[in-house]
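My numbering applies: residue 1 is where the sequence shown begins, and numbers increase by one.
Built from N, CA and C at the ideal position, the CB exists for glycine as well.
Read the structure below first, then the notes.
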Amino acid sequence: MDDDSIRYLNTDLDLCCDDDLTSLTAELESSGATPLHVTLSEDARWYATVETDRQHVEPEANIAELLTAIESLSSSSRSIWNRCSLREFNLGYDCGLKPWAFNQGLSAELLARIAAAGVSLRVTLYPHRPEERGDEAGG
């Protein structure tokens with residue numbers, strides 16, 4: 001793929017909870033969703049970011065895999081899930097110069113599963129940054 005092309009990068013599942021997220025993220029990991037971090041923050045809340053082990057060229061498959069892991073949670077992990085103040089899929093895209101128009105979609109079936117799981121959607125767009133010419137000192 002050309003470096004100047006717009007492309008889907010990945011989907012993160014971002015969580016925030018007053019409860020420890022360690023057991024929940026461990027259970028998600030056993031279903032193929034790897035935690036990138038599980039952190040107790042200075043605000044005394046737990047934060048976690050999880051993504052699928054496999055990356056796809058469109059978000060539908062990544063989100064479906066994450067939902068399958070979420071839908072199979074045990075009752076104890078489901079209880080923690082339900083207490084999360086943030087449950088969000090964050091879709092990341094690298095913005096390039098081409099093609100002129102670019103789109104990707106999510107099926108109605110997947111949107112229904114997202115809503116049933118109580119997950120919000122967010123899209124993060126990373127700007128195109130062409131490599132600078134010359135050395136870092138500006139020469």
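Local conformation of residue i per DSSP, three classes
| i | result |
| --- | --- |
| A48 | strand |
| S107 | coil |
| L121 | strand |
Residues of its chain near residue i, where Cβ-Cβ distance is below 6 Å and the 5 sequence neighbours each way are ignored
| i | result |
| --- | --- |
| G118 | R87 |
| N62 | T11, T52 and H56 |
| L111 | none |
First through last residue of the alpha helix (DSSP H) which encompasses residue i
| i | result |
| --- | --- |
| L24 | T22 to S30 |
| L67 | P59 to E71 |
Endpoints, the beta strand (DSSP E) within which residue i is located
| i | result |
| --- | --- |
| A33 | A33 to L40 |
| R87 | L86 to D94 |
| R78 | Segment S75 to R83 is the alpha helix (DSSP H) holding R78; no beta strand (DSSP E) there. |
Chain-order list of residues whose beta-carbon lies under 7 Å from that of residue i (same chain, five-residue window excluded)
| i | result |
| --- | --- |
| D14 | T49, L86, E88 and N90 |
| E27 | L73, S74 and S77 |
Distance CB(residue i)-CB(residue j) smaller than 8 Å
| i | j | result |
| --- | --- | --- |
| I6 | C84 | no |
| P35 | L106 | no |
| Y126 | G92 | yes |
| R45 | C16 | yes |
| G32 | A69 | yes |
Residues bridged to residue i [DSSP beta-bridge criterion]
| i | result |
| --- | --- |
| D4 | Answer is none; D4 lacks a bridge partner. |
| D14 | T49 and E88 |
Own chain, CB closer than 8 Å to residue i, minus 5 neighbours either side, in chain order
| i | result |
| --- | --- |
| E71 | R113 and A117 |
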